[in-house]
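These notes concern the structure reproduced below.
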Amino acid sequence: MSKRAQVEMAGLVVVVILLTLGMLFLAQFALRDDAAKKIFTRKGLAYSTMSAMMKTTISDPECVAQLRAEIYPQLEKDLLEDCALYADTSPGGYSLYTCGGKHSCIYVRQQLAQFLDQVLWHKNYEFSSRLLRSDHPVELVSIKKNAGCPATRERDASDAFFLNTEAGLVESILYLCE
Amino acid sequence: MNRHAQVHLMETVAVLIIFFILIVFGLVFYFRYQQVALKEKSNELLAARAVDTTTRTMFLPELLCTKGAAEPEDNCVDVLKLHYANSTILKYSAEYYFDLFSYANVTVTQIYPEQWSVQLYYQPKPAWKNKEVTFFVVSLRDDTRVTQGTAYGLGYLTVEAYS
Numbered sequence: 001m002s003k004r005a006q007v008e009m010a011g012l013v014v015v016v017i018l019l020t021l022g023m024l025f026l027a028q029f030a031l032r033d034d035a036a037k038k039i040f041t042r043k044g045l046a047y048s049t050m051s052a053m054m055k056t057t058i059s060d061p062e063c064v065a066q067l068r069a070e071i072y073p074q075l076e077k078d079l080l081e082d083c084a085l086y087a088d089t090s091p092g093g094y095s096l097y098t099c100g101g102k103h104s105c106i107y108v109r110q111q112l113a114q115f116l117d118q119v120l121w122h123k124n125y126e127f128s129s130r131l132l133r134s135d136h137p138v139e140l141v142s143i144k145k146n147a148g149c150p151a152t153r154e155r156d157a158s159d160a161f162f163l164n165t166e167a168g169l170v171e172s173i174l175y176l177c178e
Numbered sequence: 179m180n181r182h183a184q185v186h187l188m189e190t191v192a193v194l195i196i197f198f199i200l201i202v203f204g205l206v207f208y209f210r211y212q213q214v215a216l217k218e219k220s221n222e223l224l225a226a227r228a229v230d231t232t233t234r235t236m237f238l239p240e241l242l243c244t245k246g247a248a249e250p251e252d253n254c255v256d257v258l259k260l261h262y263a264n265s266t267i268l269k270y271s272a273e274y275y276f277d278l279f280s281y282a283n284v285t286v287t288q289i290y291p292e293q294w295s296v297q298l299y300y301q302p303k304p305a306w307k308n309k310e311v312t313f314f315v316v317s318l319r320d321d322t323r324v325t326q327g328t329a330y331g332l333g334y335l336t337v338e339a340y341s
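Next comes the structure, spelled out in structure tokens:
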């Protein structure tokens, strides 16, 4: 009887060991983090997209028609700054640049939306550009694809791009998510 | 007594059989897991190679924008260099650039202001099974576009790595 009990005990131990090993394997799958490469690529893509878009020179002849020097404006340095200075007069009021016959804020929003759609067609994104005034921030540009990338979702961001203007500091950021 | 011993022996044999069946199940499960893990690892390595190739292309001196004193600009491709580097890279792809890019397809596409595309390097692997595609958005600097200042276009770099 004692020997039988021992054999049964040994059998139980084997079963417990096998179950434990199986659960360890399952835990390994469940607790695995996103591959570092995926995060690096998405973050790199967000940063490179922002960097490239903000430097883009707008080639619309209407942008320079009213100005003396024929220097075509860059999206961030000139147009976004103009939008920050004349945000209160958007959409129908005055702005220094009137690319496509539109207020600079409207043009920047449309152009950025077009760029993002063309280069990030395979991702969801959320772009935001705000003027940080002392009293309250003003949203200059906000573009979202498929409800954007809220903080509750897994997302990666470009670094914040800052632009110092006479109207205040402009902060731009791009979020990417799947 | 003899019968009792026989029954006892049969019990032991049955326990051992079940034990070995469980061992076999465990081994089969482990080998299947290893198979999946190896395939995943292979995909990970392919993705890493695609990212490596993209990074190398973005920092290639034949394409990189510089600010005169050899100071490079990040995420920028010089369009003038690109059009000349294209023929050089294609000419020496087997002797030199294969060591850098391996089996890959590297393309630069501009979307603004004009749309065009340049295939820099193309070396597909014969009978390839997997392909990993990586995109990076880049500025395309063209010093001939305007009379004053420097003009930056917008485009993207596509790298397809084969395995």
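Chains as they are written, first to last, in this note's numbering: chain A, 1 to 178; chain B, 179 to 341. Note that beta-carbon positions come from the ideal geometry of N, C-alpha and C, so glycine has one too. Because the structure is a prediction, the values reported are computed rather than measured.
By DSSP, does A:I58 sit in helix, in strand, or in coil?
Three-state result, A:I58: coil.
Taking C-beta to C-beta, are B:L335 and B:F314 nearer than 8 Å?
For B:L335 and B:F314, yes; Cβs fall inside 8 Å.
Quick one: Cα of A:S95 to Cα of A:D78, how far?
Going from the Cα of A:S95 to the Cα of A:D78 covers about 11 Å.
Counting along the chain, where does the alpha helix (DSSP H) carrying A:K144 start and finish?
Unbroken run through A:K144 is the beta strand (DSSP E), V138 to K144; no alpha helix (DSSP H).
Does any residue of chain B bring its CB to less than 8 Å from the CB of A:V108?
No, no contact with chain B.
Looking at chain A, which residues of the stretch 249 to 270 of chain B have a Cβ within less than 7 Å of any of its Cβ atoms?
Residues D252 and N253.
What would DSSP say about A:I173, mapped onto helix, strand or coil?
The answer is strand: DSSP assigns A:I173 an E or B state.
Alpha carbon to alpha carbon, how far is A:V14 from B:A272? Give it in angstroms, no decimals.
Whole-angstrom Cα-Cα distance: 58 Å.
I'd like to know whether the C-beta of B:A282 is nearer than 8 Å to at least one C-beta of chain A.
Cβ-Cβ to chain A under 8 Å: no for B:A282.
By how many angstroms is the C-alpha of A:L21 removed from the C-alpha of B:N180?
Those two C-alpha atoms are separated by around 40 Å.
Report the start-end ranges of each alpha helix (DSSP H) in the stretch 276 to 312 of chain B that is 4 residues or longer and not cut off at the edges.
Within the stretch 276 to 312 of chain B, the complete alpha helix (DSSP H) runs of at least 4 residues are 276 to 279.
So for B:D320, helix, strand or coil by DSSP?
Strand, per DSSP.
Kindly indicate the opening and closing residues of the beta strand (DSSP E) around A:E76.
Run containing A:E76: none; DSSP gives neither H nor E here.
Just to make sure I have the definition right: I need the residues of chain B whose C-beta is within less than 8 Å of the C-beta of A:S14. Which are they?
According to the sequence displayed, residue 14 of chain A carries Val and not Ser. Near A:V14 (Cβ distances below 8 Å), the residues of chain B are F197 and L200.
Looking at A:A52: is its Cβ nearer than 8 Å to the Cβ of A:V170?
No.
So who's on the other strand from A:R155, going by DSSP bridges?
Partner(s): A:C177.
Out of curiosity, what's the CA-to-CA distance linking A:S2 and B:A183?
Rounded to whole angstroms, A:S2 to B:A183 spans 15 Å at the Cα level.
Using a Cβ-Cβ cut-off of 8 Å, state whether A:L112 counts as contacting chain B.
Chain B, which has no Cβ nearer than 8 Å to the Cβ of A:L112, makes this no.
Can you tell me where the beta strand (DSSP E) holding A:S129 begins and where it ends?
Per DSSP, A:S129 belongs to the beta strand (DSSP E) from N124 to L132.
Counting contacts by CB-CB distance shorter than 8 Å, is B:Y340 in contact with chain A?
For B:Y340, the answer is no, since every Cβ of chain A falls outside 8 Å of its Cβ.
How would you label A:D88, buried or exposed, when you count the other beta carbons within 10 angstroms and need 16 or more for buried?
By the 10 Å Cβ count, A:D88 comes out exposed.
Would you grab the beta carbon distance between B:F279 and B:T231 for me? Rounded to a whole angstrom, and I think it's under 8 Å.
Correct: roughly 5 Å between the Cβ atoms.
Taking B:T190 as the query, report the chain A residues whose CB atoms sit under 8 Å from its CB, ordered along the chain.
Here the neighbours are V7.
Please report the straight-line C-alpha distance between A:L176 and A:E8, rounded to a whole angstrom.
If you take the alpha carbons of A:L176 and A:E8, they lie about 57 Å apart.
Please check the pair A:L75 and A:Q111, which I expect to be a contact at CB under 8 Å, by giving their CB distance rounded to whole angstroms.
Contact flag correct, Cβ pair sits at about 7 Å.
From B:I196 to B:Y211, what does the alpha carbon distance come to, in whole angstroms?
Computed Cα separation, rounded: 23 Å.
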